[in-house]
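Numbering (the working numbering), first residue to last: 2 to 201.
The beta carbon of each residue, even a glycine, is placed where N, CA and C say it ideally should be.
What follows is a single structure, written as structure tokens, with notes after it.
Next comes the structure, spelled out in structure tokens:
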């Protein structure tokens, strides 16, 4: 029986770094961010629903969705964000379930579901255990501003759109503290993999 593990974090917490470390160990990662891009490609049902809801003004010249424009709309408006989520989330869940099932059919012993909003979207039913990649607020803010070229105010708006990492800590089965060096992060990850007896 394959083990299904949820990997989560917050914006700029370093979840992608941990995801890469797992891939390097040979684990399969089913990534919600990749799913979210796939399901809104032209021709997909979610794509059609988004245009219906938000209008053709959110399209680029090649008819793909302008993620920046859509992002600016939804980050500022809770109702619009909920509308978008109600279209995208079910499609993402279906895509991730298909990928997970395919990995299990291929004989994978452990599959990681990389879901940024695992707790906010109440998706813990999809996994057996959860790992949270954690950083303190100050580190999160600095990293996000540096990574995305945002002002402090813009970065704070994005961070506040998610559940605080301090709250997620209480919900996770294991926490990786990513405030230190990549080597320290790797050691914590290896301990979890070993303690939980996870094999690819």
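Exposed unless 16 or more other CB atoms sit within 10 angstroms - verdict on residue i
| i | result |
| --- | --- |
| residue 83 | exposed |
| residue 47 | buried |
| residue 14 | buried |
| residue 200 | exposed |
| residue 135 | buried |
| residue 1 | The question about residue 1 has no answer here: the residues shown for the chain are numbered 2 through 201. |
| residue 1 | With the chain covering only 2 through 201, there is no way to say anything about residue 1. |
| residue 101 | buried |
| residue 141 | buried |
| residue 167 | exposed |
| residue 92 | buried |
| residue 107 | exposed |
| residue 224 | Nothing in the structure corresponds to residue 224, since the chain is present only between 2 and 201. |
| residue 173 | buried |
| residue 179 | buried |
| residue 80 | exposed |
Nearest-angstrom Cα separation, counted from residue j out to residue i
| i | j | result |
| --- | --- | --- |
| residue 165 | residue 16 | 15 Å |
| residue 157 | residue 138 | 10 Å |
| residue 26 | residue 185 | 16 Å |
| residue 50 | residue 94 | 16 Å |
| residue 23 | residue 73 | 32 Å |
| residue 122 | residue 151 | 26 Å |
| residue 53 | residue 85 | 11 Å |
| residue 99 | residue 36 | 11 Å |
| residue 131 | residue 113 | 9 Å |
| residue 149 | residue 161 | 16 Å |
| residue 187 | residue 144 | 19 Å |
| residue 42 | residue 21 | 25 Å |
Cβ separation of residue i and residue j, assumed to be a contact under 8 Å, to the nearest whole Å
| i | j | result |
| --- | --- | --- |
| residue 6 | residue 176 | The Cβ separation is near 14 Å, so there is no contact. |
| residue 55 | residue 159 | About 19 Å separates the two Cβ atoms, so there is no contact after all. |
| residue 104 | residue 29 | 5 Å |
| residue 31 | residue 190 | 18 Å between Cβ atoms; not a contact. |
| residue 11 | residue 163 | 5 Å |
| residue 4 | residue 110 | 7 Å |
| residue 71 | residue 59 | 5 Å |
For this session: Give, in chain order, every unbroken run of the alpha helix (DSSP H) that is at least 4 residues long and sits entirely within the segment 63-93.
Result: 68-76
Exercise. Counting pairs of Cβ atoms below 8 Å between the segment 56-65 and the segment 105-124, do you hit three or more?
Worked result: no
Problem set entry | Ordered list of beta strand (DSSP E) runs contained in the segment 91-152, each at least 3 residues | 111-115 and 130-135
Exercise. In chain order, which continuous runs of the beta strand (DSSP E) of length 3 or greater are located wholly inside the segment 2-71?
Worked result: 4-9 and 29-32
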